[in-house]
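Q: Going by the UniProt record's numbering, the sequence shown opens with residue 1, and the numbers climb by one from there. All C-beta atoms in this analysis are idealised placements derived from N, C-alpha and C, irrespective of residue type, glycine included.
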Amino acid sequence: MLSSKQIEVFYNIYRYKSMTAAASELKVSQPSISKTLGVIEKNLGFKLFLRKGKFLAPTDEAKELFEHASLVNSQLKNFNYVANSFKSRSLDFINIGTTPSLGESIVPEIITKYKKINPAIRFNIINLNSIDLIEDRYKPDIDLTICFNAPNTQKEKRITLCSGNHVVASPQIFNLNKKLDIFDLIKYPHIEITNLLTLGDFNINMKEYLINNHINFNYIARSDSNSAALSLVSKGIGIAIIDDTSSKLANSNIRISELKQKFPYEVNVVPKKEVLSLDCTKFIEYVSNQAF
């Protein structure tokens with residue numbers, strides 16, 4: 001009976017109790033708002049507002065309809081948000097969702113190598129944490145993700161970009177050995193890395209290993225960022241168990257030690273769209289055949 005535009009006009013008149021304010025919000029003229037309200041009331045067959053001084057008072061019918069109009073308005077905003085996401089995402093860019101640590105290590109390496117053979121290709125790097133990437137919270141913006149231990153689903157086939165193990169990052173002043181047993185680490189203060197998936201369902205899960213072997217680390221700080229954890233280690237606050245890809249970001253104040261126990265991980269590429277651009281398809285084919 002009413003178009004979405006008419007519902008939007010009604011919503012804003014009700015919200016501001018003024019045609020002038022509604023017109024300003026919708027960036028149209030006041031006569032246009034007045035005319036649209038007249039059409040709405042004619043189509044409905046009853047009044048929605050009564051004039052009281054300078055303001056409009058909603059009728060009982062308008063009060064009941066406003067709740068429904070609010071829902072429609074919210075859905076319109078959501079629709080426009082998603083539509084604008086597609087609009088703002090330039091189609092001639094390859095949009096890569098990745099974690100901050102991978103965005104500072106392996107992703108620039110991949111892009112640098114690829115641009116040597118395809119210099120015209122442009123990239124848009126979207127930094128999110130692993131959980132957001134896995135759960136597709138920003139899917140409209142992303143062509144593919146590069147992340148740790150992506151789940152292998154029937155809908156989204158993961159490509160293994162590289163694999164590795166976890167290592168110990170410690171302050172140089174701790175003077176730790178180059179090869180350590182995990183039991184050697186109990187006496188040191190730890191920085192726990194949370195909200196990351198490098199310790200996911202891979203062969204040996206480190207958290208299970210700690211529980212099964214009754215190992216309790218002294219966690220004095222937590223971070224959901226590898227980079228932030230390394231910064232804390234650099235300041236001498238404590239040690240962190242970190243993936244060996246992110247460990248390449250360590251500065252000269254940090255010593256990297258190998259762990260006797262192996263806690264492996266993968267870095268995966270996952271296409272996020274059913275239909276990819278030709279440039280994106282070629283890029284995925286390239287990384288599938290490279291060793292990083």
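The alpha helix (DSSP H) spanning Phe283 covers which residue range?
A: Translated into the one-based positions of the sequence shown, residue 283 becomes position 283. Note, Phe283: alpha helix (DSSP H), 278 to 288.
Q: Rounded to a whole number of angstroms, what is the C-alpha to C-alpha distance between Gly200 and His190?
A: Within the sequence shown, residue 200 is the residue found at index 200, counting from 1. Within the sequence shown, residue 190 is the residue found at index 190, counting from 1. With a pLDDT of 47 at Gly200, under the threshold of 50, the modelled position of that residue is not reliable, and the figure given next carries that caveat. Distance between the alpha carbons of Gly200 and His190: 19 Å.
Q: Can you tell which of Ser247, Asn268, Asn95, Thr145 has its C-alpha closest to the C-alpha of Leu230?
A: Stepping through the sequence shown from its first residue, residue 230 is reached at position 230. Looking at the Cα atoms, Ser247 is the closest of the given residues.
Q: Take Lys282 as the anchor and find which of Leu76, Lys77, Asn118 has the nearest alpha-carbon.
A: By one-based count along the sequence shown, residue 282 stands at place 282. Comparing Cα positions, the closest option is Asn118.
Q: Taking the alpha-carbon of Glu104 as reference, which of Gly238, Leu26, Ser227, Lys260 has the nearest alpha-carbon?
A: As a position in the sequence shown, residue 104 is number 104, starting the count at 1. Measuring from the Cα of Glu104, the nearest candidate turns out to be Ser227.
Q: Let's test the definition: count the other Cβ atoms within 10 Å of the Cβ of Thr20 and tell me whether it reaches 16, buried, or not, exposed.
A: Looking up residue 20 in the sequence shown gives position 20. Exposed, because fewer than 16 other Cβ atoms sit within 10 Å of the Cβ of Thr20.
Q: To the nearest angstrom, report how far apart Thr194 and Lys27 are at their CA atoms.
A: What you label residue 194 is simply residue 194 of the sequence shown in a count that begins at 1. What you label residue 27 is simply residue 27 of the sequence shown in a count that begins at 1. Approximately 46 Å between the Cα atoms of the pair.
Q: Determine the extent of the alpha helix (DSSP H) in which Leu230 is found, giving its start and end residues.
A: Counting from one through the sequence shown, the residue named residue 230 turns up at place 230. Leu230 -> alpha helix (DSSP H) spans 226 to 234.
Q: Return helix, strand or coil for Phe174, following the three-state DSSP convention.
A: As a working mapping, residue 174 is identified with position 174 in the sequence shown. Three-state DSSP puts Phe174 in a helix.
Q: By DSSP, does Ala62 sit in helix, in strand, or in coil?
A: Residue 62 sits at position 62 when you count from the first residue of the sequence shown. In the structure shown, Ala62 sits in a helix (DSSP, three-state: H, G or I).
Q: Please classify Tyr219: is it buried, with 16 or more other beta-carbons within 10 angstroms of its beta-carbon, or exposed?
A: Walking along the sequence shown from the start, residue 219 turns up at place 219. Counting Cβ neighbours within 10 Å, Tyr219 comes out exposed, since fewer than 16 surround it.
Q: By DSSP's criteria, Arg51 is part of a beta bridge. Which residues make up the other side?
A: Numbered from 1 along the sequence shown, position 51 holds the residue referred to as residue 51. Answer by DSSP bridge pairing, in chain order: Leu56.
Q: Given that a residue counts as buried once 16 or more other Cβ atoms are within 10 Å of its Cβ, and exposed if not, what is Pro151?
A: Along the sequence shown, read from residue 1 onward, the residue named residue 151 stands at position 151. Result: exposed.
Q: Which whole-angstrom value describes the C-beta separation of Leu102 and Val267, a residue pair presumed to lie in contact below a C-beta threshold of 8 Å?
A: One-based indexing of the sequence shown puts residue 102 at position 102. One-based indexing of the sequence shown puts residue 267 at position 267. Leu102 to Val267, Cβ: 7 Å. Contact.
Q: DSSP has Thr98 in a bridge; who is on the other side?
A: Indexing the sequence shown from 1 puts residue 98 at position 98. BP columns for Thr98 point to Asn127, Ile146.
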